[in-house]
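> Sharing a structure here in structure tokens format.
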Amino acid sequence: MSITHDAVRDWMERFAAEVAENRSYLTKLDGAIGDGDHGTNMDRGMKKALERLQAADGDDIGASLKAVGMALVSSVGGAAGPLYGTFFMQMGQAAAGRSELDLAGFTEAFDAGVQGVVKRGKAEPGDKTMLDALKPALDALRQAGDSDVAAALGRAAQAAHEGMEATVPMVARKGRASYLGERSAGHQDPGATSSHLLLKSAAEAVGATN
Amino acid sequence: MSITHDAVRDWMERFAAEVAENRSYLTKLDGAIGDGDHGTNMDRGMKKALERLQAADGDDIGASLKAVGMALVSSVGGAAGPLYGTFFMQMGQAAAGRSELDLAGFTEAFDAGVQGVVKRGKAEPGDKTMLDALKPALDALRQAGDSDVAAALGRAAQAAHEGMEATVPMVARKGRASYLGERSAGHQDPGATSSHLLLKSAAEAVGATN
Amino acid sequence: MKKLINSPDTVLQDELEGIAAAHSDRVRVVFDPPYIVRADAPVQGKVAIVSGGGSGHEPMHGGYVGRGMLDAACPGEVFTSPTPDQMLEATKAVDGGAGVLHIVKNYTGDVMNFEMAAELAQGEGIEVASVITNDDVAVQDSLYTAGRRGVGVTVLAEKICGAAAEEGKALEDVADICRHVNDQGRSMGMALTPCITPAAGEPNFTLAPDEMEIGIGIHGEPGRERMKLESAAQIVERLTGPIVEDVPFNEGDEVLAFVNGMGGTPLIELYIVFNELSKFLDGRGIRISRNLIGNYITSLEMAGCSITLLRLDDELRRLWDAPVDSIALRWGA
Amino acid sequence: MKKLINSPDTVLQDELEGIAAAHSDRVRVVFDPPYIVRADAPVQGKVAIVSGGGSGHEPMHGGYVGRGMLDAACPGEVFTSPTPDQMLEATKAVDGGAGVLHIVKNYTGDVMNFEMAAELAQGEGIEVASVITNDDVAVQDSLYTAGRRGVGVTVLAEKICGAAAEEGKALEDVADICRHVNDQGRSMGMALTPCITPAAGEPNFTLAPDEMEIGIGIHGEPGRERMKLESAAQIVERLTGPIVEDVPFNEGDEVLAFVNGMGGTPLIELYIVFNELSKFLDGRGIRISRNLIGNYITSLEMAGCSITLLRLDDELRRLWDAPVDSIALRWGA
Ligand SMILES: Nc1ncnc2c1ncn2[C@@H]1O[C@H](COP(=O)(O)OP(=O)(O)O)[C@@H](O)[C@H]1O
Ligand SMILES: Nc1ncnc2c1ncn2[C@@H]1O[C@H](COP(=O)(O)OP(=O)(O)O)[C@@H](O)[C@H]1O
Ligand SMILES: [Mg+2]
Ligand SMILES: [Mg+2]
Ligand SMILES: [Mg+2]
Ligand SMILES: [Mg+2]
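Residue numbers (numbering that gives the first Met the number 0), protein chains in the order written: chain E, 0 to 209; chain L, 0 to 209; chain D, 0 to 332; chain R, 0 to 332.
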């Protein structure tokens with residue numbers, strides 16, 4: 000089984016729905032160690048992204064992901080805008096022209112997206128950022144070997160979930176939460192939380208049973 | 000029995016003490032229908048007045064009352080400053096050069112004070128102001144005939160008390176409370192309340208038993 | 000009560016010391032009795048303008064001392080009219096031989112204290128004219144009451160009269176212009192929250208989280224009406240309706256629109272209010288040709304706003320545009 | 000949440016419409032994507048200065064657009080960095096051929112969005128220099144973290160660089176001056192109350208009636224330390240101690256002292272803070288030769304203040320004194 004353009008679209012719709020549903024939860028998490036706008040910003044951005052997706056035709060996964068990325072860059076703002084924007088633009092770049100992706104292809108594109116986030120944000124694992132959910136997910140995909148797509152993304156979502164939870168005790172070194180120093184420990188990172196939603200949506204889009 | 004310079008001094012000390020003790024009560028009354036400063040202002044003023052009195056010597060009742068009035072004018076501010084200031088300056092004017100006052104003399108001087116308040120503030124009885132306590136007190140003094148000073152001032156204090164209570168249902172037509180229109184009804188006037196304290200102190204200074 | 004102060008008793012003194020430390024290039028601060036005066040006072044041959052009132056309305060009035068506006072300001076204790084001795088000393092300090100105009104907001108205390116000061120100054124041979132501002136349409140106008148409060152128009156009158164005096168106009172002319180401004184201007188205010196005077200330590204009224212107070216003054220006193228919170232557009236209609244009907248302002252009129260913050264409301268909201276005001280007046284064919292938006296006549300940390308409209312004619316517009324170089328209002332200089 | 004707004008979703012749009020309605024003589028407001036630009040932009044041959052950031056800090060940055068200060072400002076949603084497309088369009092609108100300086104406050108979001116915008120603008124052949132301000136001593140400085148926040152110094156840098164650009168200095172020189180200002184300036188802030196973003200509807204933290212938060216930023220985020228409320232004098236010591244030790248400021252230094260209100264604190268308190276600051280610096284032989292006191296970089300309706308000190312030399316003093324004619328800062332013009 001491979002990931003079709005329809006599945007990618009479904010992924011984005013599910014992600015948008017998750018973000019909308021968790022909007023105030025994300026904002027609340029951001030309120031505790033940031034400025035309380037992560038949910039609002041991501042929700043505004045994913046709504047714009049869906050509009051763009053719906054307006055576009057064709058089955059180029061790369062083009063669709065790039066469209067999502069550009070919509071996010073120009074509508075989210077804050078840290079998450081350029082980071083998620085870069086993620087999707089880089090992932091789209093790596094998947095340019097493809098109408099389906101097998102697990103290896105998806106993993107490669109996902110890797111490009113994560114590398115984009117690292118390059119833009121210069122964070123490392125352990126800094127208490129979205130990377131702490133994205134990186135474990137990437138590792139899980141890499142370790143999936145030749146398991147099927149649903150199982151692999153299921154495990155990636157699981158890894159993102161663990162990574163998200165692991166941000167709780169961390170002292171933030173990047174982003175707004177770093178201003179709090181030690182006071183940032185004890186709170187879950189909002190960006191890692193939205194990144195988990197991203198992986199959860201992906202897994203659900205390919206029919207993984209979590 | 001007549002009212003000596005010592006009794007006048009005692010009157011002022013008692014009045015200052017009453018104002019200090021009721022400072023937050025007066026301020027609270029003023030908060031409900033005014034701007035919440037009557038207690039603070041009168042307390043600041045009477046403290047200044049006592050300083051002046053203590054610094055002055057001689058037994059000229061008129062001079063002492065004028066000193067009190069001038070202290071109030073230059074330290075109370077607001078509506079109460081010029082009104083109480085004028086009251087004491089006019090009363091002092093009427094008692095100029097006197098080291099004791101009999102009831103008639105006191106009544107005459109008090110009358111001059113009240114007239115000063117009317118002239119300065121242009122209020123009428125029923126406007127929900129200090130005049131609603133002062134005027135009944137003056138009337139009581141006038142009706143005292145040849146009763147003794149303590150009894151007369153006791154009755155004047157009683158009249159001021161009744162006048163003060165009568166301000167509760169009134170709709171204010173003068174001063175800050177008038178801005179509230181009908182909403183000013185149901186609250187006791189702070190200035191009438193401090194005026195009652197003035198009469199109560201006078202009665203106590205001459206040994207009336209209330 | 001949460002305030003950046005040292006103690007409730009030293010608020011006025013500390014503030015005045017701060018003004019003295021900050022603005023000695025522009026003003027001189029006298030402490031006993033307290034008043035703030037232009038550094039170059041008295042200006043010979045110029046009509047001088049003195050105002051004053053309780054503190055807690057900053058930048059009014061001290062912030063308006065400077066060339067093209069006030070010659071002196073007398074600060075009282077918080078929300079308490081200053082005393083005649085302050086006004087007398089300020090009047091003497093600014094008199095340049097052409098007389099002194101007292102601009103007095105219509106509050107019993109302010110009026111009586113300024114009255115006593117004017118009597119004293121006249122007794123010392125200084126020509127004094129007094130004009131009382133009473134522009135607050137939230138208060139019913141009546142001969143039998145204390146009448147309407149002086150609020151937002153006072154700021155505009157001080158600016159415009161300051162320019163007229165700077166032009167060399169005579170005392171009676173400057174006073175006439177002041178009365179004209181007061182005639183042509185009206186205001187109304189509202190609060191989202193009460194405020195707390197340092198001395199009282201608690202608010203004079205409380206509002207539920209979904210309530211607002213309409214028709215408040217600038218002394219933390221309750222207003223005329225309490226109601227459910229509404230949108231900016233509805234609030235603007237509530238404040239501006241009574242204003243335009245009072246003067247009245249008619250289609251074709253040119254106005255200065257002044258959206259004032261009560262102290263605790265951020266500028267972003269005042270611009271939203273201005274936007275609604277501009278739409279409201281547009282709908283009635285009233286043209287805003289000048290505006291002032293910000294915290295200019297405040298009530299400590301109260302959240303809320305007031306709206307003032309002043310009908311402009313060529314002279315008022317010219318005097319408004321004239322240079323002003325005070326602490327808080329500055330242009331063309 | 001009590002605000003003078005129509006709806007949380009229209010705050011930015013309504014505010015921008017208000018600015019457009021009020022200040023069309025000075026600025027042009029573009030709505031899609033949103034930015035505010037000098038009415039006379041582009042000024043041929045002059046280095047242009049663009050800044051921007053989340054809304055909720057008014058008058059920053061939109062209020063600083065005008066001759067002698069910013070050429071354009073890009074407002075984001077409340078407390079959210081604007082996006083690269085806004086910055087790109089603003090940059091194109093102001094480029095007069097001499098290059099464009101981006102003044103960016105050090106927040107991850109602002110830095111990354113401006114970075115993307117600069118890449119795009121350079122791709123279109125516009126010379127762009129970027130300077131990041133990071134003056135908040137409440138945050139530990141470190142190579143391994145996001146570093147210090149840009150706060151009060153940003154306002155001073157915008158004024159000073161605006162003057163340098165107006166003088167005809169080249170892009171690299173204006174950028175150098177900006178870096179110099181950032182080097183020589185430090186800030187720290189505190190809050191008496193939190194603030195509420197319209198979208199969130201509730202505060203990010205709560206403070207007991209006797210508590211204050213020290214070391215806050217300008218986004219309603221909690222600070223470094225919570226403690227019992229203290230006197231203005233003690234608070235000034237808490238904020239200024241770390242500032243003077245950081246640069247460090249020494250005996251004999253000349254400084255610009257900037258006492259900034261967070262939005263909900265009235266001017267009377269800011270003057271009390273300034274008075275304490277002036278005494279504190281006096282005691283260390285540091286001379287205040289210029290000052291700025293008021294709400295200039297705010298955090299919605301938060302009550303509190305920040306203190307910024309900038310060490311002055313002849314050039315910085317001259318550029319500070321130079322005429323400025325923006326909406327919110329105006330002198331000599
Ligand atoms: N340098 C960075 N690298 C990766 N992720 C980051 C970085 N800085 C911040 N983030 C992520 O962004 C999230 C905050 O996003 P958001 O609230 O939308 O932006 P802002 O902090 O500008 O308000 C954080 O929770 C964190 O996961
Ligand atoms: N015109 C007036 N004549 C007589 N008394 C008045 C008048 N106006 C106000 N008062 C009295 O003054 C009191 C208020 O005094 P105070 O609070 O000290 O002054 P302010 O109203 O200026 O704050 C009122 O309660 C009322 O009794
Ligand atoms: Mg955030
Ligand atoms: Mg009062
Ligand atoms: Mg008062
Ligand atoms: Mg943000």
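Where a beta carbon is used, it is the ideal one built from N, C-alpha and C, also for glycine. The structure displayed is predicted, hence computed values, not measured ones.
According to DSSP, is cysteine 194 of chain D part of a helix, a strand, or is it coil?
Sequence index remark: in the third sequence, residue 194 of chain D carries index 195 (1-based). Here cysteine 194 of chain D sits in coil by DSSP.
> Within the same chain, show all residues whose beta-carbon is closer than 8 Å to that of glycine 33 of chain L, passing over the 5 residues directly before and after it, in chain order.
Translated into the one-based positions of the second sequence, residue 33 of chain L becomes position 34. These residues qualify, in order along the chain: Gly174, Arg175, Ala176 and Pro189.
> Of all the CB atoms in chain L, is at least one closer than 8 Å to the CB of histidine 218 of chain D?
Taking the first residue of the third sequence as 1, we reach residue 218 of chain D at position 219. With 8 Å as the cut-off, histidine 218 of chain D counts as an interface residue toward chain L.
> Please confirm whether any heavy atom of ligand 6 lies closer than 7 Å to the CB of aspartate 34 of chain E.
Taking the first residue of the first sequence as position 1, residue 34 of chain E is located at position 35. Because some heavy atom of ligand 6 lies under 7 Å away, the Cβ of aspartate 34 of chain E counts as near it: yes.
> Are the C-beta atoms of valine 272 of chain D and some chain R residue less than 8 Å apart?
Within the third sequence, numbered from 1, the residue matching residue 272 of chain D stands at position 273. Cβ-Cβ to chain R under 8 Å: yes for valine 272 of chain D.
> Is it a yes or a no for the stretch 160-178 of chain R touching the stretch 62-80 of chain R, going by three-plus beta-carbon pairs under 8 Å?
Flag = yes, the stretch 160-178 of chain R and the stretch 62-80 of chain R touch.
> Threonine 307 of chain R versus chain E: which residues are under 9 Å apart at the beta carbon?
The count along the fourth sequence starts at 1 and reaches residue 307 of chain R at position 308. Simply none; closest approach about 17 Å.
> Quick check: is any heavy atom of ligand 5 less than 7 Å from the C-beta of phenylalanine 113 of chain D?
Residue mapping note: residue 113 of chain D aligns to position 114 of the third sequence, counting from 1. No - ligand 5 has no heavy atom lying nearer than 7 Å to the Cβ of phenylalanine 113 of chain D.
> Arginine 27 of chain R and alanine 20 of chain R look like a contact to me (Cβ under 8 Å); what is the Cβ gap, rounded to whole Å?
Here residue 27 of chain R refers to the residue found at position 28 of the fourth sequence. Here residue 20 of chain R refers to the residue found at position 21 of the fourth sequence. Going by Cβ atoms, the distance from arginine 27 of chain R to alanine 20 of chain R rounds to 12 Å, so no, they are not a contact pair.
> Suppose you measure from the CA of glycine 76 of chain L to the CA of serine 288 of chain D; what does that come to, to the nearest Å?
By 1-based counting over the second sequence, the position of residue 76 of chain L is 77. By 1-based counting over the third sequence, the position of residue 288 of chain D is 289. Computed Cα separation, rounded: 39 Å.
> Taking threonine 264 of chain D as the reference, give the member of R:His56, R:Ala199, R:Ser80 and R:Val42 with the closest Cα.
Against the third sequence, residue 264 of chain D aligns to sequence position 265. Measuring from the Cα of threonine 264 of chain D, the nearest candidate turns out to be R:His56.
> When the Cα atoms are used, what is the spatial distance from serine 23 of chain R to tryptophan 330 of chain D?
In the fourth sequence, counting from the first residue as 1, residue 23 of chain R sits at position 24. In the third sequence, counting from the first residue as 1, residue 330 of chain D sits at position 331. Straight-line Cα distance between these residues: approximately 17 Å.
> So, are the CB atoms of alanine 40 of chain R and valine 93 of chain R less than 8 Å apart?
Locating residue 40 of chain R in the fourth sequence gives position 41, where the first residue counts as 1. Locating residue 93 of chain R in the fourth sequence gives position 94, where the first residue counts as 1. Yes; because the gap between Cβ atoms is below 8 Å, this pair is in contact.
> DSSP state of glutamine 258 of chain D, grouped into three classes?
Translated into the one-based positions of the third sequence, residue 258 of chain D becomes position 259. Residue 258 of chain D is actually valine in this sequence, not glutamine. In the structure shown, valine 258 of chain D sits in a strand (DSSP, three-state: E or B).
> Please specify which runs of the alpha helix (DSSP H), each continuous and at least 4 residues long, are wholly inside the stretch 194-281 of chain R, giving them in chain order.
Within the stretch 194-281 of chain R, the complete alpha helix (DSSP H) runs of at least 4 residues are 231-245.
> State whether the stretch 148-163 of chain E contacts the stretch 176-185 of chain E, with contact taken as three or more CB pairs (one from each stretch) at a distance under 8 Å.
Contact between the stretch 148-163 of chain E and the stretch 176-185 of chain E is absent, because fewer than three Cβ pairs lie under 8 Å.
> Does the beta carbon of phenylalanine 257 of chain R sit closer than 8 Å to a beta carbon anywhere in chain E?
The residue you call residue 257 of chain R lines up with position 258 of the fourth sequence. Cβ-Cβ to chain E under 8 Å: no for phenylalanine 257 of chain R.
> Could you say which of R:Thr307, R:Gly293 and R:Gly51 lies nearest to tyrosine 76 of chain R if we only look at CA atoms?
Your numbering for residue 76 of chain R matches position 77 in the fourth sequence. Just to set this straight, residue 76 of chain R is glutamate in the shown sequence, not tyrosine. Here the closest residue by C-alpha is R:Gly51.
> For the beta strand (DSSP E) containing lysine 104 of chain D, list its first residue and its last residue.
Indexing the third sequence from 1 puts residue 104 of chain D at position 105. Residues 99-104.
> Can you list, in chain order, the residues of its chain whose CB lies under 7 Å from that of asparagine 5 of chain R, leaving out five sequence neighbours each side?
Walking along the fourth sequence from the start, residue 5 of chain R turns up at place 6. Only Asp13 meet the Cβ criterion.
> Against chain L, which members of the stretch 58-81 of chain D pass a CB distance test of less than 9 Å?
Listed by position, the residues of the stretch 58-81 of chain D near chain L (Cβ gap below 9 Å) are Gly75, Glu76, Val77, Phe78, Thr79, Ser80 and Pro81.
> Please find out if some non-hydrogen atom of ligand 3 comes closer than 7 Å to the beta-carbon of aspartate 29 of chain E.
Residue 29 of chain E sits at position 30 when you count from the first residue of the first sequence. Answer for aspartate 29 of chain E: yes, Cβ within range of ligand 3.
> Using a Cβ cut-off of 9 Å, pull out every chain R residue sitting near valine 10 of chain D, in sequence order please.
For the purposes of this step, residue 10 of chain D is taken as residue 11 along the third sequence, with counting starting at 1. Per Cβ cutoff of 9 Å: Ile267, Glu268 and Ile271.
> For asparagine 249 of chain R, is the classification buried or exposed, using 16 other Cβ atoms within 10 angstroms of its Cβ as the cut-off for buried?
The count along the fourth sequence starts at 1 and reaches residue 249 of chain R at position 250. Classification of asparagine 249 of chain R: exposed, given that the 10 Å Cβ count is below 16.
> Check whether chain E comes within 8 Å of tyrosine 34 of chain R, counting only Cβ atoms and requiring the distance to be less than that.
What you label residue 34 of chain R is simply residue 35 of the fourth sequence in a count that begins at 1. Not closer than 8 Å to any Cβ of chain E, the Cβ of tyrosine 34 of chain R fails to qualify, so no.
> Check the DSSP bridge columns for glutamate 99 of chain E and list the partner residues they point to.
Translated into positions along the first sequence, residue 99 of chain E becomes position 100. Answer by DSSP bridge pairing, in chain order: E:Thr3.
> Taking only beta-carbon atoms, is glutamate 114 of chain R less than 8 Å away from chain D?
Mapped onto the fourth sequence, residue 114 of chain R falls at position 115. With 8 Å as the cut-off, glutamate 114 of chain R does not count as an interface residue toward chain D.
> For alanine 231 of chain D, go through chain R and note every residue whose CB falls closer than 8 Å to its CB, in chain order.
Here residue 231 of chain D refers to the residue found at position 232 of the third sequence. Within chain R, the residues near alanine 231 of chain D are Leu3, Ile4, Asn5 and Asp13.
> If you measure beta-carbon to beta-carbon, which residues of the stretch 132-148 of chain R are closer than 9 Å to chain E?
Within the stretch 132-148 of chain R, the qualifying residues are Asp135, Ala137, Val138, Gln139, Ser141, Tyr143, Thr144, Ala145, Gly146, Arg147 and Arg148.
> Pull up the distance between the alpha-carbon of aspartate 182 of chain D and that of leucine 309 of chain D, whole angstroms please.
Position 183 of the third sequence, counting from 1, holds the residue named residue 182 of chain D. Position 310 of the third sequence, counting from 1, holds the residue named residue 309 of chain D. Using only the alpha carbons, I get a separation of about 9 Å.
> How many angstroms separate the CA atom of lysine 46 of chain E from the CA atom of aspartate 8 of chain R?
What you label residue 46 of chain E is simply residue 47 of the first sequence in a count that begins at 1. What you label residue 8 of chain R is simply residue 9 of the fourth sequence in a count that begins at 1. Their Cα atoms are separated by approximately 14 Å.
> When you compare each of R:Ser80, R:Phe204, R:Ile131 and R:Leu87 to isoleucine 175 of chain R by their alpha carbons, which one comes out closest?
Working through the fourth sequence from its first residue, we reach residue 175 of chain R at position 176. Going by the sequence as given, residue 175 of chain R is aspartate instead of isoleucine. Ranking R:Ser80, R:Phe204, R:Ile131 and R:Leu87 by Cα distance to aspartate 175 of chain R puts R:Ile131 first.
> For the stretch 71-83 of chain L, which residues have a CB atom closer than 8 Å to at least one CB atom of chain D, in sequence order?
Per Cβ criterion, the list reads Val72, Ser73, Ser74, Val75, Gly76, Gly77, Ala78, Ala79, Gly80, Pro81 and Leu82.
> Tell me whether the beta-carbon of asparagine 259 of chain R lies closer than 8 Å to the beta-carbon of cysteine 304 of chain R.
Along the fourth sequence, read from residue 1 onward, the residue named residue 259 of chain R stands at position 260. Along the fourth sequence, read from residue 1 onward, the residue named residue 304 of chain R stands at position 305. Yes, the pair counts as a contact, with Cβ atoms nearer than the cut-off.
> Can you determine whether any heavy atom of ligand 5 sits closer than 7 Å to the C-beta of glycine 77 of chain L, and answer yes or no?
As a working mapping, residue 77 of chain L is identified with position 78 in the second sequence. Under cutoff, so the answer is yes.
> For ligand 3, is there a heavy atom less than 7 Å away from the beta-carbon of arginine 175 of chain E?
For the purposes of this step, residue 175 of chain E is identified with residue 176 of the first sequence, where counting begins at 1. Result yes, Cβ under 7 Å from ligand 3.
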